[in-house]
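A short worksheet on the structure shown next.
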Amino acid sequence: EELYSAIVNQAADAIVLIDAATLRFVEFNDAACQSLGYAREELARLGIPDIQGDTPPQELSRRVEQINREGYADFEITHRHKDGSLRHVQVRSRLLNIRDGRYWAAIWHDVTEATRAERALREETERRRSMFERSRDAIAVMDMSGRLVEWNQRFCDLLGYSSDEMAPLHIWD
């Protein structure tokens, strides 16, 4: 018991036990409190509906049905922090039968920063792609051996090749 308690309470990710009938938090570790910004006593009065971010009620109902039907669910969702900010989390939840009750054991990992970084990278990539394609200059990128790996339409027009014809070419061609 001491070993399991140490593992749960020292885990970096939030670990919670949820009553499947009421969707209330029954047990949780300190990481769950920190993840949501609530003191232990406050979180003990809350349930899953209280922390849902921008998840529509029908989506929450679908997740509840999935866990109860299939016994598990792995998904990404947003939680609302006590300060009102939204936190993107990856959740792994399993249905447990303990004594005469049904519970969900859930572990969630905050991926908010990774999600922001991904979005910023995607936007930057799209911006650069747009600049590359719209440039009036002929632009080509080659690998270390001189094989063409990327080019814009202006480069094709300048040399008189179609984009498909450019694909097998080497810079010496």
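Each residue of the sequence shown is one higher than the one before, counting from -14 in our numbering. Glycine is no exception: its CB is placed at the ideal position from the N, C-alpha and C atoms. Please read these numbers as outputs of a predicted model, since none were measured by experiment.
Taking Leu133 as the centre and dropping the five residues before and after it, the same chain places the C-beta of Ala125, Val126, Met127, Met151, Ala152, Leu154, His155, Ile156 closer than 8 Å to its C-beta, in chain order. Per the coordinates, the alpha-carbon of Arg25 lies some 12 Å from the alpha-carbon of Val1. DSSP lists His64 as the beta-bridge partner residues of Gln37.
Using a Cβ-Cβ distance cut-off of 8 Å, the segment 50 to 57 and the segment 7 to 20 are not in contact, since fewer than three pairs of beta carbons, one from each stretch, lie closer than that value. Rounded to whole angstroms, the separation of the alpha carbons of Ile62 and Asp39 is 9 Å.
With a threshold of 16 other beta carbon atoms within 10 Å, Ile83 falls short and is exposed.
Counting only runs of 4+ residues, the alpha helix (DSSP H) found wholly inside the segment 66 to 140 occupies 97 to 119, in chain order. In this structure, Ser20 and Arg65 do not form a Cβ contact; the two beta carbons are roughly 11 Å apart against a cut-off of 8 Å. Bridge partners of Glu12 according to DSSP: Leu2. Straight-line spacing of the CA atoms in Gly86 and Ala102 works out to 41 Å. Rounded to the nearest whole angstrom, the C-alpha separation of Arg79 and Glu98 is 26 Å. If you draw a 10 Å sphere on the C-beta of Asn(-6), you find fewer than 16 other C-beta atoms in it, and that means exposed. In this structure, the straight-line span from the alpha carbon of Ala(-1) to that of Arg104 is close to 24 Å.
Within a 10 Å sphere around the beta-carbon of Tyr(-11) sit fewer than 16 other beta-carbons, which makes this residue exposed. In the assembly as shown, Asp95 is a buried residue. Its beta-carbon has 16 or more other beta-carbons within 10 Å. Boundaries of the alpha helix (DSSP H) harbouring Leu(-12): -13 to -5, taken from the DSSP string. Beta-carbon to beta-carbon, Leu8 and Pro34 are separated by about 6 Å, close enough to satisfy the 8 Å threshold.
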